[in-house]
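Enquirer: As they're listed, the protein sequences go chains A and B. Per the working numbering: the first sequence = residues 1012 to 1156. Per the working numbering: the second sequence = residues 1012 to 1156. Glycine residues also receive a C-beta, built at the ideal position from the N, C-alpha and C atoms. Please read through the structure below; I'll follow up with questions.
Number of protein chains: 2
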Amino acid sequence: MEDLDAQILKLLAADGRMSFTDLGKATGLSTSAVHQRVKRLEQRGVIKGYGASIDYDQVGKPLTAFISIRPIDPSQPDDSPERLRDITEIESCWSVAGDESYILKVRVATPTDLEDLLARVRAAANVSTRTTIVLSTPYEHRPTS
Amino acid sequence: MEDLDAQILKLLAADGRMSFTDLGKATGLSTSAVHQRVKRLEQRGVIKGYGASIDYDQVGKPLTAFISIRPIDPSQPDDSPERLRDITEIESCWSVAGDESYILKVRVATPTDLEDLLARVRAAANVSTRTTIVLSTPYEHRPTS
DNA sequence: TCTGAAATGAGTGAACA
DNA sequence: TGTTCACTCATTTCAGA
């Protein structure tokens, strides 16, 4: 990882739609040079993708929660992420060390929807759940230098 | 929230660099029409921004963790998010219901860096911490339909 | 790996339905 | 809100250093 690539990554993490022209101005490179570097970073998978961050309060999904799950039968192989992949309310899934095996981040419209979602998670992965409701999000997705 | 706006948001959440031309083809609108809608969604704050998602394993920050914090002195007003804002290793901060008051998502290079970070978090916000290490990330940042 | 030039394609704004 | 058109600017490729 070079210094120039690190600069480009930070700029793109902060503004994923920044143009190659502007990236060039910010880094002192020509448009073509940044273009080549960005394409290479994409091919190597250093840049995994681009996204828009949405205000879910404004689109009818104001309720965010973390669901920690733990297998009911620890003797079985744990393929929870695959079993849960089709549940579209799950935005992220992290495998973690500690009392629980995975943490899910989910987004729903209402408490009733959350109750329904929990039932589907338990049934699909044969797990017990512990849910933490998000009250507000002071900040999120900050570029970690 | 209209159907067309919802489509656009989903497409942009999945690919934040998709061109207005392609968005138009996908939604059946003209380039200008999507352009107008996207600008309006940005102005209203429905689209909060755009970002690149980085593979931090490849840029020397392979260690991700969740830190749950709780005030040591509950009689004091809790402005932890402001006190912690300048710690750049913190990628996200959620206010939550439950035993703890906030959950932080952090990214560092090594366990020693995590130890150091925990000390800084405790000192800056006068909190106790509970840390959960992320072992792997099966998926993350999925567009929640 | 970079630059600069040239071609293609996208972003942007105005006039209008 | 939508479309089309005309203009500007960005993206992409390539030759050369």
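Hey, could you find the ends of the alpha helix (DSSP H) Asp1146 (chain B) is sitting in?
Expert: The identity of residue 1146 (chain B) in the sequence shown is Leu, whereas the question assumes Asp. No alpha helix (DSSP H) contains Leu1146 (chain B), which is instead part of the beta strand (DSSP E) from 1138–1150.
Enquirer: Below 8 Å on C-beta distance, what does Asp1066 (chain A) contact in chain B?
Expert: Gly1056, Val1057, Ile1058, Lys1059
Enquirer: Which chain A residues sit within Cβ distance under 7 Å of Lys1109 (chain B)?
Expert: The sequence given here has Gly at residue 1109 (chain B), not Lys. Ordered by position in chain A, the residues that pass the 7 Å Cβ test against Gly1109 (chain B) are Thr1143.
Enquirer: Pick from A:Lys1059, A:Tyr1067, A:Phe1077, A:Trp1105: whose alpha carbon is nearest that of Val1107 (chain B)?
Expert: A:Phe1077
Enquirer: With 8 Å as the limit, tell me which residues of the region 1015–1030 of chain A have their beta carbon closer than that to any beta carbon of chain B; keep them in chain order.
Expert: Ala1017, Leu1020, Leu1023, Ala1024, Ala1025, Asp1026, Gly1027, Arg1028
Enquirer: Arg1153 (chain A) versus chain B: which residues are under 8 Å apart at the beta carbon?
Expert: Thr1099, Ile1101, Glu1102, Ser1103
Enquirer: Compare the beta carbon distance of Ile1019 (chain B) and Thr1038 (chain B) with 8 Å and say whether it is the shorter of the two.
Expert: yes
Enquirer: Just the Cα atoms here: how many angstroms apart are Leu1136 (chain B) and Thr1123 (chain B)?
Expert: Rather than Leu, the amino acid found at residue 1136 (chain B) in this sequence is Ala. Going by the C-alpha atoms only, they are around 20 Å apart.
Enquirer: Could you check if Leu1115 (chain A) is buried or exposed, using at least 16 other CB atoms within 10 Å of its CB as the buried criterion?
Expert: Under a 10 Å Cβ-count criterion, Leu1115 (chain A) is classified as buried, with 16 or more other Cβ atoms of the shown protein chains found around its own Cβ.
Enquirer: Can the beta-carbon of Thr1155 (chain B) be found closer than 8 Å to that of Glu1126 (chain A)?
Expert: no
Enquirer: Closest to Arg1118 (chain A) by C-alpha separation, out of A:Trp1105, A:Val1070, A:Ala1044, A:Pro1088, would be which residue?
Expert: A:Val1070
Enquirer: Bridge partners for Leu1115 (chain B) per DSSP, in chain order?
Expert: B:Ile1078, B:Cys1104
Enquirer: Rounded to whole angstroms, what is the Cα-Cα separation between Ile1144 (chain B) and Leu1074 (chain B)?
Expert: 8 Å
Enquirer: Please name the residue or residues paired with Gly1060 (chain A) in a DSSP beta bridge.
Expert: Paired residues: B:Ser1064.
Enquirer: Below 8 Å, can you find three or more Cβ-Cβ pairs linking the region 1027–1036 of chain A to the region 1077–1093 of chain B?
Expert: No, because fewer than three Cβ pairs between the region 1027–1036 of chain A and the region 1077–1093 of chain B fall closer than 8 Å, the two stretches do not touch.
Enquirer: Tell me which residues share the same chain as Val1049 (chain B) and place their Cβ nearer than 8 Å to its Cβ, disregarding the 5 neighbours each side in the sequence.
Expert: Ile1019, Leu1023, Phe1031, Leu1034, Ile1058
Enquirer: Using 10 angstroms around the beta-carbon of Ala1063 (chain B), count the other beta-carbons present and answer buried if the total reaches 16, otherwise exposed.
Expert: buried
Enquirer: Can you tell me where the alpha helix (DSSP H) with Leu1034 (chain B) in it begins and where it stops?
Expert: 1031–1038
Enquirer: Under 8 Å, Cβ to Cβ, is there at least one residue of chain A near Lys1072 (chain B)?
Expert: yes
Enquirer: How long is the line joining the alpha carbons of Leu1128 (chain A) and Thr1142 (chain A), rounded to whole angstroms?
Expert: 11 Å
Enquirer: Please state whether DSSP places Ser1041 (chain A) in a helix, a strand or coil.
Expert: coil
Enquirer: Going by DSSP in three states, Asp1084 (chain A) sits in which element: helix, strand or coil?
Expert: coil
Enquirer: If distances are taken between C-alpha atoms only, which option among B:Arg1055, B:Pro1085, B:Ile1065 comes closest to Tyr1067 (chain A)?
Expert: B:Arg1055
Enquirer: If you drop the 5 nearest sequence neighbours on each side, which residues of the same chain put their C-beta closer than 7 Å to that of Asp1016 (chain A)?
Expert: Arg1048, Leu1052
Enquirer: Of all the CB atoms in chain B, is at least one closer than 8 Å to the CB of Gly1035 (chain A)?
Expert: no
Enquirer: How would you label Pro1085 (chain A), buried or exposed, when you count the other beta carbons within 10 angstroms and need 16 or more for buried?
Expert: By the neighbour-count criterion, in which a residue is buried when 16 or more other Cβ atoms sit within 10 angstroms of its Cβ, Pro1085 (chain A) is exposed.
Enquirer: From the DSSP output, in three-state form, read off Arg1028 (chain B) for me.
Expert: It is coil, neither helix nor strand.
Enquirer: What number of angstroms, rounded off, separates the C-alpha of Gln1087 (chain B) from the C-alpha of Ala1134 (chain B)?
Expert: 15 Å
Enquirer: Which of the three DSSP states is assigned to Pro1073 (chain B) in this structure?
Expert: coil
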